[in-house]
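Quick note on this note's numbering: the sequence shown kicks off at 40 and runs consecutively. Glycine included, every Cβ here is placed at the ideal spot set by N, Cα and C. Read the structure below first, then the notes.
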Amino acid sequence: MRWPLENRLETRLDLPRRLRRGRKAEWARKLMRENRLTVEDLIWPVFITEGTGVTEAIATMPGVNRYSMDQAVEQAREAASLGIPALALFPNTPSHLRDETGSEALNPDNLICRAIRAIKAAVPEIGIITDVALDPYTSHGHDGLLAEGRILNDETVAMLVRQALIQADAGADVIAPSDMMDGRVAAIREALDAAGFADVSIMAYAAKYASAFYGPFRDAVGSSGTLKGDKKTYQMDPANAVEALREVELDLAEGADYVMVKPGMPYLDIITRVKDHFGVPTFAYQVSGEYAMIMAAAERGMLDGEKAMLETLLAFKRAGCDGILTYFAPRVARLLASRD
Ligand code: PBG
């Protein structure tokens, strides 16, 4: 939708053009406002750890904790009462359960499956999104099976399908494959349908870039020390934009209900292109490094953290996002609630 600016300027050159009139007071700015951030835009990524009564700070993500299951349930309860629609769960798997093939990912009683059940039982109204990928479970920190230095695609997909099924069986509402293997969305969709999970949705990490901004997350799930090499043979090259459209197109064709762009802020152009091109539910993940940057600068007094937080989240909306995965979710939700 474009205003025919040239024609208009030609015919109205006699009139002063003063856009500042629309900004003269807060009431006027409110009327002009094109985008709004609400609590309903937020998905909160939560890290789960073993134990009871554990709330464990993550050094590289100030203000973000890992929670044992009982604590995660309390957090879920609060998130629901604040109006946050959904949580995205990630496990910090104990190191003795990590192995070459990430076999703990297929244990129906692993940390994530137990967390899904506990949260679903206590807070049934909140949506549960679960991560499908092997990196929190492998001793080498990769998202897939590794053989002679290569990540095996189809063998990994077969495991991801089984991982998705046990998560769905535990009660996950949305399966979110973050691994970037080819063909995994179709394989997961087919298996979910065949197993009677037609109502379980898929949020595809469709355009996921090989990014430096995941550093703090790898600390949070305990894979930073173990990761061998990088993820460039499966995650996207940050130089590419058209390829992101091909990734999204494929994931949609394979049955994705929602698509995600990740990281968020450095890839706002990708979000806009995806939304303009496909017009489907589009999400961004404001990743750990983006969160850490804002928090670190705020802690050092270099900027106003709260304002920066709100500005970045609004930018996602302006870019075309339907929602945002962000570690700021509970803080923003509280702030928005206090303004009502
Ligand atoms: C891996 C995964 C990653 C994130 C979510 N799922 C990291 C990676 O690809 O190495 C990153 C999230 C964040 O940085 O906040 N399956």
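- How is Ser107 classed by DSSP in three states: helix, strand or coil? Under the three-state reduction of DSSP, Ser107 is assigned to strand.
- Query: What residue ranges within the region 87-148 form continuous beta strand (DSSP E) runs of no fewer than 3 residues, ordered along the chain?
  - Reply: Within the region 87-148, the complete beta strand (DSSP E) runs of at least 3 residues are 94-96, 104-107 and 125-130.
- Query: Should Asp276 be counted as a contact of ligand 1 given a C-beta to heavy atom distance under 7 Å?
  - Reply: Every heavy atom of ligand 1 is 7 Å or more from the Cβ of Asp276, so no.
- ligand 1 heavy atom lying under 7 Å from the CB of Tyr248: Short note on Tyr248: C-beta not closer than 7 Å to any heavy atom of ligand 1.
- Among Tyr297, Glu293, Ala226 and Ala259, which has the Cα closest to the Cα of Thr88? The residue with the shortest Cα to Cα distance from Thr88 is Ala259.
- As assigned by DSSP and simplified to three states, the class of Val300: Strand at Val300.
- Sequence-distant residues of the same chain with beta carbon closer than 7 Å to Lys314, five excluded per side: The answer, listed in chain order, is Thr321 and Gly359.
- By a C-beta neighbour count over all protein chains shown, 10 Å radius and 16 as the cutoff for buried, is His316 buried or exposed? Its Cβ having fewer than 16 others within 10 Å, His316 is exposed.
- Task: Would you list the one or two residues that DSSP bridges to Thr321?
- Result: For Thr321, which the question treats as bridged, DSSP gives the partners Val298.
- Which listed residue (His135, Gly92 and Ser134) has its alpha carbon closest to that of Gln114: Measuring from the Cα of Gln114, the nearest candidate turns out to be Gly92.
- Could you tell me whether any non-hydrogen atom of ligand 1 is closer than 7 Å to the CB of Ala172? Remark: the shortest separation between the CB of Ala172 and any heavy atom of ligand 1 falls under 7 Å.
- Count the other CB atoms within 10 Å of the CB of Lys247; is the residue buried (16 or more) or exposed (fewer)? When all chains shown are included, Lys247 counts as buried.
- Task: Take Ala207 and list the residues in its own chain whose beta-carbon comes closer than 8 Å to its own, dropping the five residues that flank it on each side.
- Result: Cβ-Cβ distances below 8 Å link Ala207 to Ile214, Leu231, Ala234, Phe236 and Val239 in the same chain, with the five nearest sequence neighbours on each side left out; the list follows chain order.
- Message: What does the alpha-carbon distance come out to for the pair Arg72 and Ala64?
- Response: Linking Arg72 to Ala64 through their CA atoms gives a straight-line distance of about 12 Å.
- Got a sec: does ligand 1 put a non-hydrogen atom nearer than 7 Å to the Cβ of Gly268? Result no, Cβ not under 7 Å from ligand 1.
- What is the DSSP secondary structure of Gly180, reduced to helix, strand or coil? Note: Gly180 maps to coil in three-state DSSP.
- Message: For Leu191 and Ser107, what's the separation of their Cα atoms in angstroms?
- Response: Rounded to the nearest angstrom, the two C-alpha atoms are 33 Å apart.
- Query: Can the beta-carbon of Arg105 be found closer than 8 Å to that of Phe86?
  - Reply: Yes, the pair counts as a contact, with Cβ atoms nearer than the cut-off.
- Query: Between which two residues does the beta strand (DSSP E) harbouring Ser240 extend?
  - Reply: From DSSP, the beta strand (DSSP E) with Ser240 extends over Ser240 to Lys247.
- Message: For a test of your reading of the model: does the CB of Arg223 fall under 7 Å from any non-hydrogen atom of ligand 1? Yes or no.
- Response: No, Cβ of Arg223 sits at least 7 Å from all heavy atoms of ligand 1.
- From this set, Ile333, Arg339 and Met341, which residue's C-alpha is nearest Glu350's C-alpha? Checked all of Ile333, Arg339 and Met341; the closest Cα to Glu350 is Ile333.
- Item | Residues of its chain near Met299, where Cβ-Cβ distance is below 8 Å and the 5 sequence neighbours each way are ignored | Only Ala215, Met242, Ala243, Tyr244, Ala245, Ala246, Lys247, Thr321, Phe322, Ala323, Tyr324 and Leu364 meet the Cβ criterion.
- In angstroms with no decimal places, state the Cα-to-Cα distance between Ala354 and Pro302. CA-to-CA, the gap between Ala354 and Pro302 works out to about 14 Å.
- In angstroms, rounded to a whole number, what distance separates the CA positions of Leu121 and Arg62? Leu121 and Arg62: Cα-Cα distance of roughly 31 Å.
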